[in-house]
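Participant:
Chains as they are written, first to last, in the working numbering: chain A, 74 to 381; chain B, 74 to 381; chain C, 74 to 381.
(1) Quick one: which unbroken beta strand (DSSP E) runs of 3-plus residues sit fully inside the segment 125 to 163 of chain B? Chain order, please.
(2) What are the start and end residues of each continuous alpha helix (DSSP H) run of 4 or more residues lying completely inside the segment 276 to 343 of chain A, in chain order?
(3) Which one or two residues does DSSP pair with residue 112 (chain A) in a beta bridge?
(4) Measure the beta-carbon distance from residue 32 (chain A) to residue 213 (chain A) and round it to whole angstroms, keeping in mind my assumption that it falls under 8 angstroms.
(5) Decide if the segment 127 to 135 of chain B is in contact with the segment 92 to 101 of chain B; the criterion is three or more beta carbon pairs, one per stretch, under 8 angstroms apart.
(6) Beta carbon of residue 312 (chain C), beta carbon of residue 346 (chain A): below 7 angstroms?
(7) The ligand ATP and residue 180 (chain B): does the residue's C-beta get closer than 6 angstroms to at least one heavy atom of that ligand?
(8) Excluding the five sequence neighbours on either side, which residues of its own chain have a C-beta within less than 6 angstroms of the C-beta of residue 365 (chain B), listed in chain order?
(9) What's the gap between the Cα of residue 115 (chain B) and the Cα of residue 152 (chain B)?
(10) Measure how close the beta-carbons of residue 292 (chain B) and residue 209 (chain B) come, nearest whole angstrom, since I'm counting them as under 8 angstroms.
(11) Strictly by DSSP, which residues pair up with residue 204 (chain B)?
(12) Looking at the unbroken beta strand (DSSP E) that takes in residue 213 (chain C), where does it start and where does it end?
(13) Applying the 10 Å Cβ sphere with the 16-neighbour rule, what's the burial state of residue 329 (chain A)?
(14) Provide the residue(s) that pair with residue 227 (chain A) in DSSP beta bridges, ordered along the chain.
(15) Helix or strand or just coil, what does DSSP make of residue 274 (chain C)?
(16) Run down chain B in chain order and give the residues with a C-beta less than 9 angstroms from the C-beta of residue 354 (chain C).
(17) If you follow the alpha helix (DSSP H) that residue 269 (chain B) is part of, which residue opens it and which one closes it?
(18) In chain order, what residues of the same chain have a beta carbon less than 6 angstroms from the beta carbon of residue 200 (chain B), not counting five sequence neighbours either side?
(19) Is there at least one Cβ from chain C nearer than 7 angstroms to residue 331 (chain A)'s Cβ?
(20) Residues of chain E with CB closer than 7 angstroms to the CB of residue 225 (chain A), please, in chain order.
(21) Anything in chain A within Cβ reach of residue 377 (chain B), meaning under 8 angstroms, just list it in chain order.
(22) At 7 angstroms on the CB atoms, spell out the chain C contacts of residue 286 (chain B), in chain order.
(23) Determine contact between the segment 333 to 342 of chain A and the segment 226 to 239 of chain A, defined as no fewer than three beta-carbon pairs at a distance below 8 angstroms.
(24) Please list, in chain order, all residues of the same chain as residue 382 (chain B) whose beta carbon is under 8 angstroms from its beta carbon, the five residues on each side excluded.
(25) Express the C-alpha separation of residue 134 (chain A) and residue 285 (chain B) in angstroms, rounding to a whole number.
(26) Using a threshold of 7 angstroms, state whether the C-beta atoms of residue 206 (chain C) and residue 220 (chain C) are closer than that.
(27) Alpha carbon to alpha carbon, how far is residue 146 (chain B) from residue 106 (chain B)?
(28) Would residue 83 (chain B) pass as an interface residue toward chain C - the criterion being a Cβ-Cβ separation below 7 angstroms?
(29) How about residue 253 (chain A) and residue 324 (chain C): do their beta carbons lie closer than 7 angstroms?
(30) State the beta-bridge partners of residue 188 (chain B) as determined by DSSP.
(31) So what does DSSP say about residue 256 (chain A), is it helix, strand or coil?
(32) From residue 359 (chain C) to residue 211 (chain C), what does the alpha carbon distance come to, in whole angstroms?
(33) Do the segment 264 to 272 of chain B and the segment 269 to 282 of chain A meet, that is, are 3 or more Cβ pairs less than 8 angstroms apart?
(34) Since residue 202 (chain A) and residue 149 (chain A) should fall inside the 8 angstroms C-beta cutoff, what is the C-beta to C-beta distance between them, to a whole number of angstroms?
(35) Below 8 angstroms on C-beta distance, what does residue 240 (chain C) contact in chain B?
(36) Between which two residues does the beta strand (DSSP E) containing residue 370 (chain A) stretch?
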């Protein structure tokens, strides 16, 4: 009964067999559980930049269903990455171009007016577990929107940590609400500054303005801090975690209808403009279909070359 | 007429005799007025930790009625504490246990769907006066929610200043909206970090991330700054103070219905769970019914012992 | 069609001839365009403090119509000031007094329940272009509200930069929503602190707490940074700029009805109180009708003299 009070649970979800995954599995998420903490390592072996493509999306969707169904044993989820250069990549830009094919539905089956990737991130904010991102490497576009959808964000001071909403440079907007979450964390003026300019931010500056919670000098300190924090929260009754999350979310998340209307639906229109279509084709060519290289590594600095 | 425009005034309140206190008086609040500034010293002589028990609640309720009725002579209210270790304690945990008795009603008489302690803090945010907290000593749980309900918060850098929302460790949530106010002040990510972990924060870190306005090296500097600030604001026409407060509150407070549904009502359910009941009994035993000692002094550090 | 999706455009506006200015022109805004960036220099030659009087308001209204109608060539607007002591002054206080005359209507013709100056600032937030303020000199009252209505704010560390909402000292509230924008940028507690006290803030402190985006040691660095930033954003497709702005505004601006009810309408009532009328007359006399001098230069420090 508490469950029904504290978070919406789809009846369809409850009917799902615990063992059957709803979507195809691609093995891009490695999970391990210890004393109430699930560690999830993101490792998209189909991409050199940990692209947020349908492989990752499909595995994330299955993971979310597992977590929704288990709100007692697992109390904290920690996301880290096996790719030291890319915590998580941007969306597969082919998604916006003609001829794109994916095994995933266009819309979430339980939130019919939310597209599949947008609903993924929304569902992460809704999890009864506390969620923590351990950031080493880049996260731009929906990669950063994924970070903003977690409850907490900690990073190492490594120069490989570069965060950005890069959509405006494509003629797009952050369609899963990343700019809205950022406006809450860093203020309206700084959200405009970084998002309109599609500018990269490093870990120290990000911690200073509130984009992430804290920065640590070394990878060791980062992981040690997060594991201690996760173990502490995992001591507490899960209903208290879910109840506290519900309160904070109620005032700090973009309301669902605003997210749909002023982020998701706008990107749907913008993606079809000739400017965005042309830029996407140019970007895919220049990055050798989103492979690791100068442009993916230093997009914030090098994007200007694409406008010459 | 201005009064009616700027803030809601209960007709019942207006009918109240100015001299009769509505609730029992216990002398836990010492007040003195100077040139438009009321100084209120919190001193719960029934508790070594300045517990937010029915004595303090009853006196606060009477004080609030006095302030609501006097929106011209008194323009600024400054709260400080006579207990150098505890600015204000958490709620009396017996409140959640069977057999608890209090002379106070369960709900506020003028806001029928708000419980008495939640309405107390809400009413503080509604006062026509500017409210300032001078923090020396700890404030956890509803003690910190009281701070968040004041307009401004200044602290000394004394190690005795430790602030926290400790509810999650009890299997509860901050039921009077403390986590919601915090999410506005320190951002969503940091609110999750401190509140989900029931972690203490010291005064310097609190000032750095915006939990409090400023920190001062010494108690003398703290009090001098606040008295100067209070005297300055008290020069200004009271209608300007009330009008400015109405605007800031309209965008920065949790909306009343959200506060009730996503904070107050959730704690009402969570308090009855077996986990929270058992932990409360354990806590009361370990603290010798909430008396000063290692656990009350350093709850953030020592709470882990309660889970062994 | 995109235009209709991304921002409201008045049909009446579309019918306006591109060459005819709707309001009288006074030459207080000097504009120049380069590669998608319009630089606007505020220079109210009718006032030694760059007063936000009807001259500036009339020219701003015409500028806004030009920008609304041109959402492709001009992608970024940079506001700076020709008056090194005053980026932009407060409102002409005569506006609140009997006998005031102006060529401008009381309400905006397209937003009938918004007064003319409030609608001016609202319309700036609605522009399809990115807007950046380059702050050298003071901006108090509606001058600071103008800053808050821009997307971004950068300042030099010059001691001539002093920002404030000074309305409470007049018995007023920030009627165009300045305190509401500030509460989002600097938090609830600090918004109360600065606005209730009508306190000046310097550029370095303002950058530290998020009132402005950044501060630069010299005027040269300030201008160089902003021109580089503006040129970068101006590379991007205008629909992406407008779409991103729509998302951030949807969660970080005061909602229009709240702005009208809890800022604009309250100041309308407060301005008519005897206290505010008397203080306004006193202020106009003490400043020689708002001329440059000790009181206008250092209002935050010297306002106390007006209460002796």
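Cβ coordinates follow ideal geometry from the N, Cα and C atoms, glycine included.
Facilitator: Taking the coordinates as given:
(1) 149 to 154, 159 to 161
(2) 276 to 282, 292 to 306, 311 to 325, 329 to 332, 338 to 343
(3) Sequence index remark: in the first chain, residue 112 (chain A) carries index 39 (1-based). For residue 112 (chain A), which the question treats as bridged, DSSP gives the partners A:105, A:151.
(4) Nothing about residue 32 (chain A) can be read from this structure; chain A reaches only from 74 to 381.
(5) yes
(6) As a first step, residue 312 (chain C) is located in the third chain; it is residue number 239 there, counting from the start. As a first step, residue 346 (chain A) is located in the first chain; it is residue number 273 there, counting from the start. Against a cut-off of 7 angstroms, the Cβ pair of residue 346 (chain A) and residue 312 (chain C) comes out as a contact.
(7) No copy of the ligand ATP appears in this structure; indeed no ligand is present at all.
(8) Taking the first residue of the second chain as 1, we reach residue 365 (chain B) at position 292. Beyond the five residues adjoining it in sequence on each side, residue 365 (chain B) comes within less than 6 angstroms, by CB distance, of 121, 122 in the same chain, given in chain order.
(9) Working through the second chain from its first residue, we reach residue 115 (chain B) at position 42. Working through the second chain from its first residue, we reach residue 152 (chain B) at position 79. Whole-angstrom Cα-Cα distance: 7 angstroms.
(10) In the second chain, the residue the question calls residue 292 (chain B) occupies position 219. In the second chain, the residue the question calls residue 209 (chain B) occupies position 136. Between residue 209 (chain B) and residue 292 (chain B) the Cβ distance is about 6 angstroms, and since that is below 8 angstroms, they are a contact.
(11) Position 131 of the second chain, counting from 1, holds the residue named residue 204 (chain B). Answer by DSSP bridge pairing, in chain order: B:150.
(12) The sequence position of residue 213 (chain C) within the third chain is 140, counting from 1. Here the beta strand (DSSP E) through residue 213 (chain C) covers 211 to 213.
(13) Position 256 of the first chain, counted from the first residue, corresponds to residue 329 (chain A). So residue 329 (chain A) counts as exposed.
(14) Counting from 1 along the first chain, the entry for residue 227 (chain A) is found at position 154. Partner(s): A:207, A:287.
(15) Taking the third chain and counting its residues from 1, the one referred to as residue 274 (chain C) is at position 201. Reduced to three states, the DSSP call for residue 274 (chain C) is strand.
(16) The residue given as residue 354 (chain C) occupies position 281 in the third chain. Residue 354 (chain C) does not reach chain B, its nearest Cβ partner there being about 14 angstroms away, counting only Cβ pairs nearer than 9 angstroms.
(17) As a first step, residue 269 (chain B) must be located in the second chain, where it is residue number 196. For residue 269 (chain B), the enclosing alpha helix (DSSP H) starts and ends at 261 to 269.
(18) Locating residue 200 (chain B) in the second chain gives position 127, counting from the first residue. If we look at residue 200 (chain B) and ignore the five residues flanking it on each side, its Cβ neighbours are 140.
(19) In the first chain, counting from the first residue as 1, residue 331 (chain A) sits at position 258. For residue 331 (chain A), the answer is yes, since a Cβ of chain C falls inside 7 angstroms of its Cβ.
(20) Although the question refers to chain E, the structure presented lacks it and instead comprises the protein chains A, B and C.
(21) Along the second chain, read from residue 1 onward, the residue named residue 377 (chain B) stands at position 304. In chain order: 305, 308.
(22) As a position in the second chain, residue 286 (chain B) is number 213, starting the count at 1. Ordered by position in chain C, the residues that pass the 7 angstroms Cβ test against residue 286 (chain B) are 262, 263, 266.
(23) Contact between the segment 333 to 342 of chain A and the segment 226 to 239 of chain A is absent, because fewer than three Cβ pairs lie under 8 angstroms.
(24) Any question about residue 382 (chain B) goes unanswered here, given that chain B covers just 74 to 381.
(25) In the second chain, residue 285 (chain B) corresponds to position 212, counting from 1. In the first chain, residue 134 (chain A) corresponds to position 61, counting from 1. Distance between the alpha carbons of residue 285 (chain B) and residue 134 (chain A): 39 angstroms.
(26) The residue given as residue 206 (chain C) occupies position 133 in the third chain. The residue given as residue 220 (chain C) occupies position 147 in the third chain. Result yes, Cβ atoms of residue 206 (chain C) and residue 220 (chain C) sit closer than 7 angstroms.
(27) Here residue 146 (chain B) refers to the residue found at position 73 when the second chain is read from its first residue. Here residue 106 (chain B) refers to the residue found at position 33 when the second chain is read from its first residue. Taking the CA atoms as reference points, residue 146 (chain B) sits about 9 angstroms from residue 106 (chain B).
(28) Here residue 83 (chain B) corresponds to residue number 10 of the second chain, with the count starting at 1. In this predicted model, residue 83 (chain B) has a pLDDT of only 44, less than 50, meaning its place in the structure is not dependable; the value taken from the coordinates is given anyway. False, the Cβ-Cβ gap to chain C never drops below 7 angstroms.
(29) As a working mapping, residue 253 (chain A) is identified with position 180 in the first chain. As a working mapping, residue 324 (chain C) is identified with position 251 in the third chain. Yes, they are a contact pair.
(30) Mapped onto the second chain, residue 188 (chain B) falls at position 115. DSSP lists B:180 as partners of residue 188 (chain B).
(31) As a position in the first chain, residue 256 (chain A) is number 183, starting the count at 1. Note: residue 256 (chain A) maps to helix in three-state DSSP.
(32) As a first step, residue 359 (chain C) must be located in the third chain, where it is residue number 286. As a first step, residue 211 (chain C) must be located in the third chain, where it is residue number 138. Taking the CA atoms as reference points, residue 359 (chain C) sits about 19 angstroms from residue 211 (chain C).
(33) no
(34) On the first chain, residue 202 (chain A) is found 129 positions in, with the first residue counted as 1. On the first chain, residue 149 (chain A) is found 76 positions in, with the first residue counted as 1. Rounded, the Cβ-Cβ distance is 6 angstroms, consistent with contact.
(35) Within the third chain, residue 240 (chain C) is the residue found at index 167, counting from 1. Result: 313, 317.
(36) Indexing the first chain from 1 puts residue 370 (chain A) at position 297. From DSSP, residue 370 (chain A) is part of no beta strand (DSSP E) but of the alpha helix (DSSP H) over 367 to 370.
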